[in-house]
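Reviewing the structure listed below.
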Amino acid sequence: MAVITDKKNINVTTLNKEEKQVSAKSVVYNTKDLNLWYGDDHALKNINLSIYENEVTAIIGPSGCGKSTFIKTLNRMVELIPVVRISGDIRYRESSILEKSYKVEALRTRVGMVFQKPNPFPKSIYDNIAYGPKIHGIKDKKILDEIVERSLRGAAIWDEVKDRLKENAYGLSGGQQQRLCIARCLAIEPDVILMDEPTSALDPISTLKVEELIQDLKKDYSIIIVTHNMQQAARISDKTAFFLNGEVVEFDETDKIFANPNDKRTEDYITGRFG
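Heads up: take any position in the sequence shown, counting from 1, add 3, and you land on the working numbering.
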């Protein structure tokens, strides 16, 4: 019996499968008409973004465009500045985090942050990692030992420090300190990791190690990274948002943004005509 293949139907079926795979991805963050002011300065203007799990989302744009302000709204750290005023909505896993009833402490447990400059605590390497779990009530030494090892392995630094756990973290190199800070973030088992230019203060070799780590971490975490480095955004991210003057000019698949942007301002920025 001859088997008749309907190529048109196969294509439709394949397309439907691809669409289902995309739609199956959960939205981690969804911002709707997000506006933010520092006093009279309108820093974020009508930001509408959907960020999906297990992806690296890069935020690019010139200095002062609102990149760091945006990611600091995602764990509400921006509210530490008294003159800040926010309107619109930010939903994390379908919950509105701007509601007064939403517990900020719970949010910051689920959404970790790695800053531009490594900021280890003035403690031992071990105590840097164990600090968060201890705050959350874990006292058992065996469990803490397991968390410390797992977190340092997760940050690809275990082999470099396993014989130095009682030494002060300040004795590590800059790149090691940044990976230690990532391990400290992993120790509290977050859902999302925010990174604010995490490699800007690092040498090229340390930068490469952190970039490789980010690619590995996205299997288990959703990562949002602010970067000034266009090549870095192109290398490590799945999607890219281009911010300019507090607005999102363009947000798309990274390959699309860098190869065929829709907006001339995006093209001008990524080709170095300004910024």
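Where is the CB? At the ideal position from N, CA and C, for every residue including glycine.
Original post:
DSSP three-state call for Ile84: helix, strand or coil?
Top reply: coil
Original post:
Can the beta-carbon of Val3 be found less than 8 Å from the beta-carbon of Leu205?
Top reply: Because the chain is modelled from 4 through 278, residue 3 falls outside the range shown and cannot be assessed.
**OP:** Give me the Cβ distance between Leu47 and Phe73, rounded to the nearest whole Å; I'm assuming they're in contact under 8 Å.
**Re:** 6 Å
Original post:
Rounded to a whole number of angstroms, what is the C-alpha to C-alpha distance between Ala151 and Ala133?
Top reply: At residue 151 the sequence reads Val, which differs from the Ala that was named. Between Val151 and Ala133, the C-alpha separation is close to 6 Å.
**OP:** In angstroms with no decimal places, state the Cα-to-Cα distance between Val30 and Ser53.
**Re:** 6 Å
Original post:
Grouping DSSP H, G and I as helix and E and B as strand, with all else coil, what is Lys242?
Top reply: strand
Original post:
What number of angstroms, rounded off, separates the C-alpha of Pro125 from the C-alpha of Gln180?
Top reply: 12 Å
**OP:** Under 6 Å Cβ to Cβ from Ile13, same chain only, skipping five residues before and after it: list those, please.
**Re:** Note on Ile13: pLDDT 35, under 50, position unreliable in the model; no value is reported.
Original post:
If Asp266 sits next to Glu250, beta carbons under 8 Å apart, how far is it from one beta carbon to the other, in whole angstroms?
Top reply: Actually they are not in contact, since the Cβ atoms of Asp266 and Glu250 sit about 11 Å apart, beyond 8 Å.
Original post:
Taking buried to mean at least 16 other C-beta atoms within 10 Å of its own C-beta, is Thr274 buried or exposed?
Top reply: exposed
Original post:
Which of the three DSSP states, helix, strand or coil, is assigned to Ser225?
Top reply: strand
Subject >> According to DSSP, residues forming a beta bridge with Met198 >> reply: Val117, Ile228
Original post:
Who are the Cβ neighbours of Val87 in its own chain at under 8 Å, not counting the five residues just before and after it?
Top reply: Leu39, Trp40, Tyr41, Val81
Subject >> DSSP-derived helix/strand/coil call for Ser127 >> reply: strand
Subject >> 8 Å Cβ cutoff met for Tyr129 and Leu175 >> reply: no
**OP:** Measure the Cβ-Cβ separation of Thr257 and Thr269 and say whether it is below 8 Å.
**Re:** no
Original post:
Which one or two residues does DSSP pair with Asp206 in a beta bridge?
Top reply: DSSP lists no partner for Asp206.
**OP:** Please name the residue, chosen from Leu197, Asp255, Ser203, that lies closest to Ile1 on a Cα-to-Cα basis.
**Re:** Residue 1 cannot be examined here, being either before or after the span of the chain that is shown, 4 to 278.
**OP:** Just mark Gly64 as buried or exposed, buried being the case when its beta carbon has 16 or more other beta carbons within 10 Å.
**Re:** buried
Original post:
Pick from Met233, Asp241, Asp255, Ala237: whose alpha carbon is nearest that of Arg276?
Top reply: Met233
Subject >> Ala186: first and last residue of the uninterrupted alpha helix (DSSP H) it sits in >> reply: 177 to 189
Original post:
Alpha carbon to alpha carbon, what distance is there between Phe245 and Arg238?
Top reply: 16 Å
**OP:** Using three-state DSSP, classify Gly91 as helix, strand or coil.
**Re:** strand
Original post:
Taking the alpha-carbon positions, what's the Ser99 to Ser90 distance?
Top reply: 12 Å
Original post:
Does DSSP classify Asp255 as helix, strand or coil?
Top reply: strand
Original post:
Whose CA, out of Ile160, Thr60, Ile50, Asp44, lies closest to the CA of Ile260?
Top reply: Thr60
**OP:** Report all residues from its chain with a CB closer than 7 Å to the CB of Glu56; omit the five preceding and five following residues, and keep chain order.
**Re:** Lys28, Ser29, Val31, Ser225
Subject >> Between the CA atoms of Leu101 and Ile93 - distance to the nearest angstrom >> reply: 7 Å
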